[in-house]
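Visitor: Protein chains in written order, with the numbering used here: chain A, 31 to 374; chain B, 31 to 374.
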DNA sequence: GACTCCAGGTAAATCGGTTTACTAATTTTG
DNA sequence: CAAAATTAGTAAACCGATTTACCTGGAGTC
């Protein structure tokens, strides 16, 4: 019965005996039409089961109704870190009022830049990219507002971040206060995607700088820290614990993300290692779920949700012609029970 | 220096002294052009900083390069349940190979249907909607493949789900085996969005049916169960615990999601209530993160990731002209330590 | 030398809407 | 009552690509 081909505005116009313009007006500017005509058109549209094509509409209005989140890893890997979830929630909460959807943009066949080129979005949020990243120039050419989260405060680029160096310093200073002198740092595998930016993330570098400063002030050499790289997930944390516990002699672990710490807890529990008696654990993020850990996890609490919602607000402002904005959000050292004295 | 207006294929054609067709060919069908022309065009495009407009391309190719995930709640609320994250990871893992992005589509100003109308996607995944939901008809009209997850196995609609009734029966039967006769069921607040489907979810109804059957076979009346409704999040679980612990006399809690159980654990720990000695807890989902709970959570393990990846595969097949498919995935009762004997 | 092929390229149609500029009929205004 | 303004509607341009159908000149064939 129903035509196998899509119902377009043209079909309605013909069947209702009016022009395409009139049909368009019936939906978008009913005031320009007599109510009789308007109703007739609308009735015909309903009868034919018409649904406006969002893509065609976008072409002229220049609004896709979605905000992109550029990921440097496949969705599968990126979402293993609940911290990303919190950021997404924040972005979503700001964008909801404007009817915007969130487009998760993973690398296109391994290419982050290609993904950024093809993304049909009104604005883009990129996590952890600096002002010299190619995507910055690309989005400028595409004339699409870009906001980075945890990028670098650079020229003419909006960013929402925290003082990573200071936070790392604060955390390590606290840990060193317990007498630890052999530390394990659990870092994230740098996402190596073929866009030339497969370097250690800017965040990690800033944190390492903070660590070094704290070490120096405590009179310790840099080799008091050993670095272990794993992917950012529960099982990554477990793998890290295995490595550290394999006779490294480290008495404290500092993990770059709470989810890693959670993995470490799991392994320690299985191995009968008591936190913080046998091993001290500290981390970064302060995600909601870290509340379920026993003993409580000492962590640098970053406002993930708020970072996201602030980035969302910056985006809305940018879309509205507002100026570039750099936002620095506070972190706090959440002291709980996972860090203790060096075991004998 | 650079023109303030977008660089289009037309600009390149003019500056390179060729037709638009040639420019298009240079990018998409280089074999149809002499290599000299092709290089000249490409060079001009690079010089002008040309980026093809994804929307315009989509209009003719009829491919957006994204798969929609229809949410019945704001992103902020939906992502509070890590189970959704696992499903997304699964969908993402299947779609990654095809270069597809994931569009999270929350209700548009409270309207789920309006959001579904406006979504520019190649295919849609809807979680928890039945074959009679309006979105099914809509997507048919839009000629966009639809797959439901945890919907109902219905006529001509692809679905990936599990046997919720049997799973619920199995779980409650196990719990009743410990002698419990006063049960608290922690349910999800039905998402009331103005599209007429603000009912208790189909999943919840099927599980309740399974519960009733188990109760009946154990010779208990239906009023042995008390139902509490909260939103699906850690704090929702905490709120549920507060309600249940406020003198209801319930000795076991069955939560509709692991994340709720996690909230319950937090509250119990704070209140000094021992699981499973003072209170038994069981749940549904079997998310990765439930591994960190102490004591281990007894739960109906559903393959969240696999559900997602299977849904993704069905979508790819559908996009390829494949047939409607209904997939039933297995669940297993994960017996761990959170359910015990009724306290005296 | 007439005929077919083919490589290389183009003009115009198309995708499905929105928007601009214009017309004709009616109403208001001075 | 003529001029101006408003109402209701339309044709055509436009958004920025892809795609179809066609053209042209030269090589290959018989």
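All C-beta atoms in this analysis are idealised placements derived from N, C-alpha and C, irrespective of residue type, glycine included.
Bear in mind the structure is a predicted one, so any value in this text is a computation, not a measurement.
#1: Hey, quick one: how far does the alpha helix (DSSP H) through residue 286 (chain B) stretch, first residue to last?
#2: Beta-carbon within less than 7 Å of residue 70 (chain B)'s beta-carbon, same chain only, minus the 5 sequence neighbours each way: which residues are those?
#3: Going by the CB atoms, is the gap between residue 97 (chain B) and residue 132 (chain B) shorter than 8 Å?
#4: Based on DSSP bridge pairs, tell me the residues matched to residue 330 (chain A).
#5: Just by C-beta distance, which residues in the stretch 117-135 of chain B are closer than 7 Å to chain A?
#6: Only counting runs of 4 or more residues, tell me where the alpha helix (DSSP H) segments fall wholly within the stretch 205-268 of chain B, in order along the chain.
#7: At the 8 Å Cβ level, is residue 138 (chain B) part of the contact set with chain A, yes or no?
#8: Per the contact definition of three or more C-beta pairs closer than 8 Å, is the stretch 89-103 of chain A in contact with the stretch 40-58 of chain A?
#9: Would you list, in sequence order, the uninterrupted alpha helix (DSSP H) runs of no fewer than 4 residues that lie entirely inside the stretch 38-83 of chain A?
#10: For residue 121 (chain A), which of helix, strand or coil comes out of DSSP?
#11: So, with DSSP's three-state summary, where would you put residue 358 (chain A)?
#12: By the 10 Å Cβ neighbour count, where 16 or more other Cβ atoms means buried, how is residue 310 (chain A) classified, buried or exposed?
#13: Strictly under 8 Å for the Cβ-Cβ distance: is residue 177 (chain B) near chain A by that measure?
#14: Quick one, are the C-beta atoms of residue 100 (chain B) and residue 154 (chain B) less than 8 Å apart?
#15: Taking the straight line between their C-alpha atoms, what separation do you get for residue 174 (chain B) and residue 117 (chain B)?
#16: May I have the straight-line CA-CA distance separating residue 74 (chain B) from residue 38 (chain B), to the nearest angstrom?
#17: Tell me, please, whether the CB atom of residue 292 (chain B) is closer than 8 Å to any CB atom in chain A?
#18: Tell me which residue opens and which closes the beta strand (DSSP E) that residue 149 (chain B) is part of.
#19: If you measure between the beta carbons of residue 246 (chain A) and residue 271 (chain A), is that distance less than 8 Å?
#20: Could you check where the alpha helix (DSSP H) with residue 159 (chain A) kicks off and where it finishes?
#21: Can you have a look at residue 32 (chain B) and say buried or exposed, based on whether 16 or more other CB atoms are within 10 angstroms of its CB?
#22: Which class does residue 133 (chain B) belong to by DSSP, given the choice of helix, strand or coil?
#23: So, helix, strand or coil for residue 101 (chain A), using DSSP?
#24: Using the C-alpha atoms, what's the distance from residue 241 (chain A) back to residue 363 (chain A)?
#25: State buried or exposed for residue 365 (chain B), treating a residue as buried only when at least 16 other CB atoms are found within 10 Å of its CB.
#26: With DSSP run on the structure shown, which of helix, strand or coil describes residue 35 (chain A)?
#27: By the 10 Å Cβ neighbour count, where 16 or more other Cβ atoms means buried, how is residue 358 (chain A) classified, buried or exposed?
#28: One question on the structure: do residue 193 (chain A) and residue 361 (chain A) come within less than 8 Å of each other, judged by their Cβ atoms?
#29: Can you tell me whether DSSP reads residue 191 (chain B) as helix, strand or coil?
#30: Output, in chain order, the set of chain B residues within a Cβ distance shorter than 8 Å of residue 324 (chain A).
Guide: In brief:
#1: Element bounds for residue 286 (chain B): n/a, residue is neither H nor E.
#2: 46
#3: yes
#4: A:314, A:363
#5: 118, 119, 122, 123, 126, 129, 131, 132, 133, 134, 135
#6: 232-247
#7: yes
#8: no
#9: 39-46, 50-58, 65-78
#10: helix
#11: strand
#12: buried
#13: no
#14: yes
#15: 21 Å
#16: 12 Å
#17: yes
#18: Segment: none, residue 149 (chain B) is in no beta strand (DSSP E) and carries neither H nor E.
#19: no
#20: No alpha helix (DSSP H) holds residue 159 (chain A); DSSP gives it neither H nor E.
#21: Because the pLDDT of residue 32 (chain B) is 42, which lies under 50, any placement of that residue in the model is unreliable, and the question is left without a value.
#22: strand
#23: coil
#24: 14 Å
#25: exposed
#26: coil
#27: exposed
#28: yes
#29: strand
#30: 299, 324
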